[in-house]
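Number 146 in the UniProt record's numbering belongs to position 146 of the sequence shown; there are no gaps in the numbering. Below: the structure, in structure tokens.
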Amino acid sequence: MSAQSTTYRVPISDFELADSNRGLAPDAVANGEVKWTPAIVPGGVHESLLAAGLIEHPYFDQNEASVRWMEDRDWWYRTTFATPDDLRPGDAVSLLFHGLDTVVDIWLNGALLGHHENMFRAAEYRIDGQLEASNTLVLRFSPPLAGLTTSQPAVAQLRRVAGALMPDLPEDLDVTALGPSRELTIASQRRKAMFSWGWDFGPRVPSIGIWRGVEVVVTRRARIVGHHVRTDAIDPADATAEVTVAVEVDITRPGHALTAQIELTSPTGQKNRLTVPVSGGEAVGRLTISDVDLWWTHDLGQPSLYDVRIQIFDGDELCDALSDRVGIRTIALNRSAGPDGQRLFQFVLNEVPVFARGANWLPASTMVGSIPADRYRELVGLARAGGMNMLRVWGGGIYESDAFYAEADVNGVLIWQDFMFACADYESENPELQREVESEAHHQVRRLRNRACIALWCGNNEVQLLHGFAYQQYEPGNWGWQIFHRILPDAVSRWDPTATYWPGSPWGEDTPEGFMAVNGVLDGDRHAWEVWHGFDAGAGGGVDYASVGEARHFRRYARDRGRFISEFGIHSSPALSTLARWIPASELSVHSSSFDAHNKDHPKDKGDALLEIVTGLPQTIEQYVDFTMVSQAEGMKFGIEHYRRRQPNCSGTLVWQFNDVWPGITWSLIDYDTVPKAAYYASARAYAPVIASFVHQDGVLSLWVSNSGLNAVVTVATVSVGGFDGSVMLEEQLPLTIEAATSRAVWSVPLRANPELYAWVSSDNDAFPANRLFFGDVKDLPLPASDLRSTVTITGDTTAEVAVESSAFTYLTRVTSPHPGARFSENYFDLPPHTVRTIRVSGLPHGFEPQDLVVGSYVGSVR
């Protein structure tokens, strides 16, 4: 049989870029009325101009404003490509754009080829009748919001929400002037990432350009245009799985009957083959796979992947072929009644209940087209290393690149996949928008349905929440209903029929909570923004606080009885070294103009009310970094432990947010330069498969153990209560057996709260990470000044070990480095007195110096 496919693809990436006034015609461009510069493709206008030295970096200092002009210009791309010299009469030739951002007209050899207005789906055009020996391709990107006027449904919703939050709002106030609201009420009509126009975590730097690859596709006979390797059922006892493989084929020229040859190869080399006919443009085959290697999240097993090879033959001639990697697994959403009688929101992987432990994923840059694969590898690897088994792709961003989902598959991290709708009413009764959304949904579901990591398709971010807040109901209407309750679920049902669709995040249907059921505690998922924002978002208890700081305090998590917490978080600074890279030295102070420009939340001192209680107010930039990291780390620790103690009535926590779109002061656990914050390490400890955590309530100190693993845990826990001065008040050894998927109290003792004491627990066989409870806020603790001793040992060209010993209890012990790629086996931890801890460090640059690794703490000296 022929080894060379008659269908082939020729990438095109050598483009030039120019800008012009609005509406310039292609012949004017051809006549030299613009100035051309090399373009980065895939990529965008901003990164192309940066590479050419034509703009300053929009993230540095206050340069964001200096690039605002770019969104009001027309941007032109041009290139030439040769017609393949082996074309035969009847061959089909297509020009395939995998992503155009966003409003674009395309000309080939001077003739208009097409118009496109959707960032989120591919555009393909037949060109075999228009080819010349050498072909000129020209694209004109208009301003992203060109031709749109304000959406009246979105404005009406915005006024109602603003009026509810601000009762004294003047009747004649233009509500679209509030923050980025004007752009959102326009942008809801165009299929572009909503965060483009600025958000409370990032700048207004809307991407423009050819953000995914471009290729010429030549099809002689038939071409594979889709495939789906679907797990229908598994039998864990027999180690078998039933798998359906469907292949969609575009037949461009009649001929002999076509066949599809399908091969799945297990990680151990076991091959499963079948040959099926192509009929009606589709080939469907079914396999029973024995000795199956199931795909698991990394905490429950191995994320095993099968190599897939699909080939389409016309007799002995190979027409087309593709390779893929897929995981064999089943995943479902269990909404049966939990132990408390209310419905669960529990993912079940391969018939095993999962406690979802993770965070919300944002685009890794506002310049979305040029994020390299190694950045995805780094970030998803950090999620896994941080104990996370789920990331939620947030609906105000983008459907991520193939590299992201491939890394999630390899690392055993589930993906909650939002469709790209966020925080506005959508004119869902507009036929043109309906058609565009339907095409987008079909494209993205078919693109991502083979990824083992996809756990859930979700309709949007906070659209129902805000609509309900405005109107107190979710009845069908011109606000998004058709999209979220008809178009999107129909696409999932058609193209990924075993997957779960969820109408929005948050969403709930328990009628006793009324319109607040959408973010209530009796059903579904919820966004827990009582903490940080300080109002009642559906968990109750919004008015009985002595101060603004108490209303925003993370202690409020203890009142939350939600089923699945898909957003919750606290602001903090990035590492000081990250701030220093992006803020001029002269501006590196709290609330300088450049500093405040990197904080998009309002007001800029919003976190001070919380800091005043937890740490006290910072006086220096160094204190600001430390104090905000402390409040975030303590808050995430407190919240995650609370939610995990409620297992299975609560079955998941996704921190807002995992990563950053720019070097800002945000809710992220990993800053833009990929430096983990203190809260990353606090969350990692709280996300261990098994944790022990304390609760002090009504004069009783209790110890809970929460086991989210596959197997029972047998250990001996040592529990102690002592003083920061080294005294020991009590100490006990507790033999424990904790069954899988269980959380329960294992020990309690009457104890009066005293900030001079702390409780500590550890395991004799490291069944869980050591943990502690303070009996007061950090600023009220008599933390001793510890004499930290450290030794750095170089263990390789890019690795080292740091041994740290303390003379007294040391809070927030850490090792820092000026190198953002440095990775630490643990960091920002408590060190009991006279204890040695060794931290493994990797990712250091060649030629690093031992003094690059600096040991410090919240209070203490370094030697």
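Cβ coordinates follow ideal geometry from the N, Cα and C atoms, glycine included.
Residue from W532, A785, A546 and T653 whose Cα sits closest to the Cα of residue 919
Since the first residue shown for the chain is 1 and the last is 863, residue 919 is missing from the structure and cannot be characterised.
Through-space distance from W582 to I12, alpha-carbon basis:
Taking the straight line joining both Cα atoms gives about 34 Å.
Rank E117, T6 and V590 by C-alpha distance to the C-alpha of G315 and give the top, closest one.
When C-alpha distances from G315 are compared across E117, T6 and V590, the shortest belongs to T6.
Nearest-angstrom Cα separation, counted from S748 out to A682:
Taking the straight line from one Cα to the other gives about 24 Å.
Classify F535 as buried or exposed, calling it buried when 16 or more other Cβ atoms lie within 10 Å of its own Cβ.
Exposed, because fewer than 16 other Cβ atoms sit within 10 Å of the Cβ of F535.
Nearest-angstrom Cα separation, counted from V34 out to L17
Roughly 9 Å separates the two Cα atoms.
8 Å Cβ shell around L333 - same chain, five flanking residues per side excluded
Here the set comprises F345, Q346, F347, V348, L456, T500 and W502.
With DSSP run on the structure shown, which of helix, strand or coil describes V862?
Unreliable placement is indicated for V862, whose pLDDT of 35 sits below 50; no coordinate value is reported for it.
Going by other Cβ atoms of all chains shown within 10 Å of its Cβ, with 16 needed for buried, is V716 buried or exposed?
Residue environment for V716: exposed (fewer than 16 other C-beta atoms within 10 angstroms of its C-beta).
8 Å contact criterion, which W361 and R329 should meet: CB distance rounded
So it is not a contact: roughly 20 Å between Cβ atoms.
Taking Cβ positions, are V276 and A257 nearer each other than 7 Å?
No. Outside cutoff.
Buried/exposed call for E567, threshold 16 Cβ in 10 Å:
Counting every other CB atom within 10 Å of its CB across the protein chains shown gives E567 a total of 16 or more, marking it as buried.
On the premise that L701 lies in contact with L751, defined as a C-beta separation below 8 Å, what is that separation, rounded to the nearest angstrom?
L751 to L701, Cβ: 4 Å. Contact.
From the DSSP output, which residues share a beta bridge with residue 880?
Past the boundaries of the shown model lies residue 880; the chain is included only from 1 to 863, so the question cannot be answered.
Closest to T612 by C-alpha separation, out of R357, F627, Q851 and R789, would be which residue?
Looking at the sequence itself, residue 612 is Glu, so the reference to Thr does not match. Closest by alpha carbon: F627.
Cα-Cα separation, L108 to G147:
Straight-line Cα distance between these residues: approximately 24 Å.
Contacting residues, own chain, Cβ-Cβ under 6 Å from S743 (five flanking each side not counted):
Cβ neighbours of S743 beyond the five flanking positions: R645, Q647 and S706.
Put L710 into one of helix, strand or coil per three-state DSSP.
Secondary structure at L710: coil, using DSSP grouped into helix, strand and coil.
If you reduce the DSSP assignment to three classes, tell me which class T136 lands in.
Look at T136 here: in three-state DSSP terms it is strand.
Just grab the DSSP bridge partners of K271 for me.
BP columns for K271 point to T265.
Ignoring anything shorter than 4 residues, give me the alpha helix (DSSP H) runs that lie fully in the segment 543-588, in order along the chain.
Counting whole runs of 4 or more residues, the segment 543-588 contains the alpha helix (DSSP H) stretches 548-552 and 576-582.
Any chance you could list the beta strand (DSSP E) runs of at least 3 consecutive residues sitting entirely within the segment 782-817, in chain order?
At a cut-off of 3 residues, the continuous stretches assigned as beta strand (DSSP E) that sit fully inside the segment 782-817 are 786-794, 800-805 and 810-816.
In chain order, which continuous runs of the beta strand (DSSP E) of length 3 or greater are located wholly inside the segment 812-847?
The segment 812-847 contains these whole beta strand (DSSP E) runs: 829-831 and 836-842.
What's the gap between the Cα of T615 and the Cα of R772?
Using only the alpha carbons, I get a separation of about 18 Å.
May I ask you to report which of helix, strand or coil DSSP gives H602?
Collapsing the DSSP output to three states places H602 in coil.
Got a sec? Which residues, its chain only, sit under 7 Å from A373 by beta carbon, not counting five neighbours each side?
Excluding residues within five positions, the ones whose Cβ falls inside 7 Å are A403.
Could you round the C-beta distance between T185 and L158 to whole angstroms and report it? I think they count as a contact, below 8 Å.
That belief holds up - the Cβ atoms of T185 and L158 are roughly 6 Å apart, short of 8 Å.
Which same chain residues, not among the five before or five after L96, have their C-beta less than 6 Å away from its C-beta?
If the five residues before and after L96 are omitted, its C-beta is found closer than 6 Å to the C-beta atoms of E124, E215 and V217, all from its own chain and listed in chain order.
In this structure, does DSSP put S2 in helix, strand or coil?
A caution first: S2 carries a pLDDT of 45, below 50, which makes its placement in the model unreliable, though a value can still be read off. The answer is coil: DSSP assigns S2 none of H, G, I, E or B.
Please identify the residue among T718, G723 and V804 whose C-alpha is closest to the C-alpha of N765.
For N765, the nearest C-alpha among the options comes from T718.
Roughly how many angstroms lie between the CA atoms of P254 and H227, to the nearest whole one?
So the two alpha carbons sit approximately 21 Å from each other.
Using the Cα positions of residue 864 and M390, report the straight-line distance between them to the nearest angstrom.
With the chain covering only 1 through 863, there is no way to say anything about residue 864.
Just how far apart, CA to CA, sit D698 and G776?
As the crow flies, the alpha-carbon of D698 is around 15 Å from that of G776.
From the DSSP secondary-structure annotation, give me the bridge partner or partners of I312.
Listed as beta-bridge partners of I312 by DSSP are A260 and D320.
S547, buried or exposed, once every other Cβ within 10 Å from all chains shown has been counted against 16
Classification for S547: exposed.
Where Q346 sits in the DSSP three-state scheme
The answer is strand: DSSP assigns Q346 an E or B state.
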